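All remarks here apply to the structure that follows.
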Amino acid sequence: MTKKVWFQTGIAIIITLLIIMLVIRVQVIFEPVFTIVTTIFVPLLLGGLLYYITEPIQRFLEKRRAGRLTSILAVFVIILLVLTMLSMIIVPMVTEQVQNLISRAPLIQNEIQDVFNMILSYRDRLPINPEQYIQDALNRGSQMLSNLASNAFTILTSTVSVLITLVLVPFFFFFMLKDHEKLIPSMVSPFRGTLKQFLTELFYDIDHTLRAFIQGQMLVSFILCIILYIGYVIVGLDYALLLAIFALFMNLIPFIGPWIAFLPAALLAVIQDPFLLVWVSLITLIAQQIESNLITPNVMGQTLKLHPLTVITVVLAAGNIAGFIGMLIAIPTYAVVKTIIQNMWRYRSNLKETMFTTTGEGGPPQ
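Take the sequence shown: its letters are residues 33 to 398, numbered as in this note's numbering.
As C-alpha cells, then:
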C-alpha cells in the first residue's frame with residue numbers, strides 16, 4: 033500500500049500541513065522573513081499586474097523588430113501618456129462630479145431617509161424588521177467613523193507604506209519586462225530529468241492561466257465601463273462617470289461585481305427620478321448580456337473553464353475570509369490551484385518517477 037500514489041500523496045499533504053502548523057506555532061522565529069515577504073508582496077503583485085497588461089504591447093513591438101530596451105521604453109512612455117491623458121481629461125471630470133456629490137450629500141441623505149421612511153411605513157407587511165437593519169447600518173457607520181479618527185496614526189503609517197510601494201512597483205515592472213523569459217528557466221534550473229519537465233510545464237501553465245485571466249478580465253471590465261458610461265449619459269443619469277469607473281473596478285470581481293456596481297446606480301436613479309431606475313436596469317442588463325455572450329467568450333474563450341456556480345462559491349467564500357481583496361484575487365488563485373492539481377493529475381501514474389528519475393529535460397510547452 034505504501035507504494036500507491038494516493039498513499040504517498042496523502043502522506044505528502046499531511047507532512048505539508050504539519051510543517052505549516054509548526055511554522056505558525058513558532059512564527060516569531062520566521063517574523064523577519066514574513067516582514068520581508070509582506071513588504072515585497074504588494075509591489076510584486078502590482079508589478080506583475082502591469083506586466084500582464086502591457087506584455088502584449090511589448091510583444092507587438094518586438095515582433096516589429098524593436099529591441100528589448102526600446103520596447104520597454106515605449107511601454108513606459110505609453111503608460112505616462114495614458115496617465116497624463118487621464119489627469120487632464122478624466123480627473124477634472126471626476127473631481128467636478130465628486131464635489132457636486134459632496135455638495136448634494138445632505139439632499140441625497142434626505143432622499144434616502146424618505147425612502148427608508150416609506151419602507152418603514154410598510155414594515156407590518158414585510159417578513160423582516162427593516163428598522164433593525166437600518167439601525168445596525170447606522171451603528172456600523174458610526175463605528176467606522178470613530179475608528180477612522182482613532183486610527184489616524186495607523187492611516188499615516190499606511191500612507192507612507194503606500195508611497196514606498198509606489199516607488200518599488202516600477203522596478204519590479206521593469207525587470208519583469210526585461211527578463212520575463214529567464215524567470216521560469218532560472219526557477220527550474222536546480223532540478224533535472226522528469227521533475228524539471230514537470231515543473232517547467234507547471235510554471236508555463238500557471239503563467240498562461242494568469243495571463244488569460246488578467247488580460248481578459250481587464251479588457252472585459254474596460255469595455256463594460258465604456259458601455260455603461262455611454263448608456264448612463266444617454267438616459268441622463270447623474271454622476272455617470274463616477275458610476276462607470278466604480279463599475280470598472282467592481283467588474284474585476286466575476287459575477288458578483290456587476291451586481292455590486294448596479295446598487296449605487298440604482299439608488300441614485302431612484303433619487304433622481306424613480307422611472308430612471310427602469311432605464312438603468314435595462315442598460316445594466318444589456319451590458320451584462322453583451323459581456324456574457326459576446327465579449328467574454330471571444331476575449332477569454334475556454335481557457336479557464338470555470339463553471340459559474342464554482343465562481344460564485346469561490347468569490348463569496350473569499351469575501352468572507354479576506355474581504356474585498358479576497359474577492360479580487362479569489363478566481364485567479366483558484367485557477368492557479370486548479371492548474372497545479374491538473375498537472376499533478378497528469379503525472380499521477382509516474383509521480384515517483386517524476387520525483388526521482390534523471391532522464392529528460394524540460395522546456396516550454398509548444
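Every residue, glycine too, gets a C-beta built ideally from N, C-alpha and C.
All figures in this text were calculated on a predicted structure; none of them were measured in a lab.
Return helix, strand or coil for residue i, following the three-state DSSP convention.
i: residue 283; result: coil
i: residue 180; result: Residue confidence for residue 180 is low, a pLDDT of 49 falling below 50, so the modelled location carries little weight; the figure read from the coordinates is stated next. Residue 180 falls in the helix class under three-state DSSP.
i: residue 271; result: coil
i: residue 88; result: helix
i: residue 211; result: helix
i: residue 223; result: coil
i: residue 307; result: coil
i: residue 98; result: coil
i: residue 379; result: coil
Under a Cβ-count criterion, where at least 16 other Cβ atoms within 10 Å of its own Cβ denotes burial, should residue i be classed as buried or exposed?
i: residue 90; result: buried
i: residue 360; result: buried
i: residue 283; result: buried
i: residue 232; result: buried
i: residue 297; result: buried
i: residue 214; result: exposed
i: residue 69; result: exposed
i: residue 252; result: buried
i: residue 88; result: exposed
i: residue 249; result: buried
i: residue 354; result: exposed
i: residue 371; result: buried
i: residue 138; result: exposed
With a Cβ-Cβ cutoff of 8 Å, do residue i and residue j count as a contact?
i: residue 363; j: residue 286; result: yes
i: residue 208; j: residue 80; result: yes
i: residue 262; j: residue 235; result: no
i: residue 84; j: residue 246; result: yes
i: residue 205; j: residue 82; result: yes
i: residue 279; j: residue 256; result: yes
i: residue 276; j: residue 260; result: yes
i: residue 368; j: residue 242; result: yes
i: residue 274; j: residue 129; result: yes
Give the straight-line distance between the Cα atoms of residue i and residue j, rounded to the nearest whole angstrom.
i: residue 318; j: residue 289; result: 16 Å
i: residue 258; j: residue 201; result: 28 Å
i: residue 264; j: residue 312; result: 7 Å
i: residue 106; j: residue 134; result: 39 Å
i: residue 125; j: residue 114; result: 16 Å
i: residue 43; j: residue 373; result: 16 Å
i: residue 306; j: residue 118; result: 33 Å
i: residue 230; j: residue 379; result: 8 Å
i: residue 64; j: residue 55; result: 13 Å
i: residue 303; j: residue 294; result: 14 Å
i: residue 342; j: residue 121; result: 40 Å
i: residue 222; j: residue 244; result: 28 Å
i: residue 376; j: residue 323; result: 33 Å
i: residue 47; j: residue 53; result: 10 Å
i: residue 348; j: residue 98; result: 44 Å
i: residue 142; j: residue 292; result: 23 Å
i: residue 75; j: residue 109; result: 20 Å
i: residue 111; j: residue 67; result: 31 Å
i: residue 51; j: residue 224; result: 25 Å
i: residue 71; j: residue 198; result: 12 Å
i: residue 45; j: residue 254; result: 41 Å
i: residue 92; j: residue 73; result: 29 Å
i: residue 24; j: residue 57; result: Because the chain here runs from 33 to 398, residue 24 falls outside it and cannot be looked at.
i: residue 267; j: residue 352; result: 36 Å
i: residue 49; j: residue 325; result: 42 Å
Who are the near neighbours of residue i in its chain, counting only those whose CB is closer than 8 Å to its CB and skipping five residues on each side?
i: residue 94; result: 100, 103
i: residue 346; result: 362, 363, 366
i: residue 301; result: 269, 308, 309, 311, 312
i: residue 212; result: 83, 87
i: residue 116; result: none
To which residues of the same chain is residue i closer than 6 Å at the C-beta, ignoring the five residues directly before and after it?
i: residue 78; result: 201
i: residue 344; result: 287
i: residue 86; result: 107
In chain order, what residues of the same chain lie with their CB nearer than 7 Å to the CB of residue i, ignoring the 5 residues before and after it?
i: residue 210; result: 100, 104
i: residue 350; result: 358, 359, 362
i: residue 320; result: 290
i: residue 123; result: none
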